[in-house]
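Numbering (this note's numbering), first residue to last: 4 to 503. Virtual Cβ for every residue (Gly too), placed ideally from N, Cα, C. The next block holds one structure in the form of structure tokens; read it before the comments.
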């Protein structure tokens, strides 16, 4: 039988004891047999037998103490080994499986009551990994754990995923106080941390739940805290969000939309509507933007804002993206002009995206010059990231790249510096104020000047009046798009979309 390493010393001591006792017993037996057969019992023999008889209890006593010490050492080593097996190698927190087992065990013992639970997700860890390396990301996770341990002594902390942690605080039944504790952690994370030799401010999003107030089921407790965390991610990250029962209604709606959208993609219930982009000088169509629409059999037309986010959260965005590209390629010949499709950053993270994109173009017989890829400026793109590499692959193939909603985020000039785009689409917020707000007019004119020097096209989105169209054309915009010039329309068998 294989002996565990921790108990090897105990086993060794046991065998030595057996050997010592066996030797003494053997000598006693030999002397006894000698006396029995010879009939002699001299003083020497009696003394020897007495000494040997006295040695046995001494050996047993010493062996007992030795065995107890060796057993204690073995148990301590075994406990340490088990503890290490339950610890995350990077952060030292409990592993996901052990953490969940501990939560389940507390529930089975009936001790889940008065328990605070925090679900903590570090913000923008992927961006940090891409920009500074995985060593920096690992250092950031360790810093987060140190801050948690300092602020929450006695808490049970487990690493649930790459950048996600669960925190159990036994005996905590005050949700506002728990939220304040989470906010204190965010403030601490916001202080400069030495991350791989660089002072960096960290951020996290936290979902908060209480047992038994919110749930006395351990699985539900984690799920509702995760739902609260997800709501925090939706509202901008870097915040603490307590669970509210109304969130369950929102979650049920999301799951309904996800289920229905999955069926809609399979049943081909989606449509593409095409909005023309006009040449600013000739007012002739130069391209179209493909906008996906969902015509539900019961609920009617569902706006993209109600299902695009759900698609991204449920990984349906890849299927939806493939459907949009195939349909746009199929319609492009009848449209007679290039078609722009919107691509999610999540799609760009797929290392095989560019290859799959090219395969669909070949299958449908569509030229790379006839499809334009649009990405929103709000998308978090970092130089050297997978997303940027994918865009570079597409552009190397000959696909034109447009940056949408330019000016809506905080990285406009940063994007122009780090990546070469072909088309800039100015955000409608600047377009709507172009004729009424001098600052907006100056910004648009400056963008047009920069684009002209870089040989980029500039499209003004959201044009609603002729006055705006003429003024933006005069400012240097090469393309115009908006309801005033043409609304998004489906492509029917007997109809080719034209400008208004």
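| Query | Result |
| --- | --- |
| Can you tell me where the alpha helix (DSSP H) with residue 440 in it begins and where it stops? | Per DSSP, residue 440 belongs to no alpha helix (DSSP H) and is neither H nor E. |
| May I have a chain-ordered list of the beta strand (DSSP E) segments no shorter than 3 residues that lie completely inside the region 213-301? | 243-245, 273-282, 288-299 |
| Looking at the unbroken alpha helix (DSSP H) that takes in residue 153, where does it start and where does it end? | 137-154 |
| Please report the straight-line C-alpha distance between residue 492 and residue 93, rounded to a whole angstrom. | 54 angstroms |
| Taking 7 angstroms as the limit between beta carbons, can you name the residues of its chain near residue 329, skipping five residues before and five after? | 363, 367 |
| Compute the Euclidean distance between the alpha carbons of residue 375 and residue 105, then round it to the nearest angstrom. | 52 angstroms |
| Would you call the region 237-252 and the region 201-221 in contact, with 3 or more CB pairs under 8 angstroms? | yes |
| Is it buried or exposed, residue 482, if we count other Cβ atoms within 10 angstroms and call 16 or more buried? | buried |
| If we ignore side chains and look at the alpha-carbon of each, how far apart do residue 217 and residue 182 end up? | 14 angstroms |
| Using only the alpha-carbon positions, how far apart do residue 292 and residue 489 sit? | 11 angstroms |
| Based on Cα-Cα distance, which residue from 258, 204, 206 lies nearest to residue 230? | 258 |
| Have a look at 479, 360, 408, 274 and flag the residue whose alpha-carbon is nearest the alpha-carbon of residue 428. | 408 |
| Take residue 324 and list the residues in its own chain whose beta-carbon comes closer than 6 angstroms to its own, dropping the five residues that flank it on each side. | 350 |
| Going by other Cβ atoms of all chains shown within 10 Å of its Cβ, with 16 needed for buried, is residue 452 buried or exposed? | exposed |
| What residue range does the alpha helix (DSSP H) around residue 312 cover? | 311-316 |
| Counting along the chain, where does the beta strand (DSSP E) carrying residue 376 start and finish? | 374-379 |
| Please return the same chain residues whose Cβ sits closer than 8 angstroms to the Cβ of residue 386, not counting the five positions on each side in sequence. | 134, 421, 422 |
| Leaving out five residues before and five after residue 4 in sequence, what residues of the same chain have Cβ atoms less than 7 angstroms from its Cβ? | Since pLDDT at residue 4 reaches only 43, below the 50 mark, its modelled position is unreliable, and the value read off the structure follows with that caveat. Cβ neighbours of residue 4 beyond the five flanking positions: none. |
| Three Cβ pairs or more, each shorter than 8 angstroms: is that satisfied between the region 271-285 and the region 221-241? | no |
| Using 8 angstroms as the threshold, is the region 333-347 in touch with the region 273-281, meaning 3 or more CB pairs across them? | yes |
| Name the DSSP bridge partner or partners of residue 211? | 121, 245 |
| Is DSSP giving residue 346 helix, strand or coil here? | coil |
| Can you find the residues in the same chain that come closer than 6 angstroms, C-beta to C-beta, to residue 144, ignoring five residues on each side of it along the sequence? | 94 |
| Residue 398: which of 417, 335, 426 sits nearest, CA to CA? | 426 |
| Kindly identify the DSSP beta-bridge partner or partners of residue 482. | 282, 462 |
| State the beta-bridge partners of residue 168 as determined by DSSP. | 123, 162 |
| So what's residue 90 in DSSP terms, helix, strand or just coil? | strand |
| Looking only at its chain, what residues have a beta carbon closer than 7 angstroms to the beta carbon of residue 402, apart from the 5 residues adjacent to it on each side? | 371, 374, 376 |
| Measuring alpha carbon to alpha carbon, tell me which of 168, 140, 155 ends up nearest residue 91. | 168 |
| So residue 307 and residue 295 are supposed to be a Cβ contact under 8 angstroms. How far apart are they, rounded? | 6 angstroms |
| Kindly give me the distance between the Cβ atoms of residue 166 and residue 124, rounded to whole angstroms, as I take these residues to be in contact under 8 angstroms. | 6 angstroms |
| Quick one: residues in its chain with C-beta nearer than 8 angstroms to the C-beta of residue 476, no 5 flanking neighbours on either side, listed in chain order? | 283, 284, 483 |
| Rounded to whole angstroms, what's the CA-CA distance from residue 140 to residue 472? Just pull it up for me. | 47 angstroms |
| Counting only the same chain and skipping the five closest in sequence on each side, list residues whose C-beta sits under 8 angstroms from that of residue 1. | Summary: the structure shown does not reach residue 1, with the chain confined to residues 4 through 503, and so no result is reported for it. |
| Is it the case that the Cβ atoms of residue 469 and residue 486 are separated by a distance below 8 angstroms? | no |
| For a test of the three-state rule: what should DSSP assign to residue 424, helix, strand or coil? | coil |
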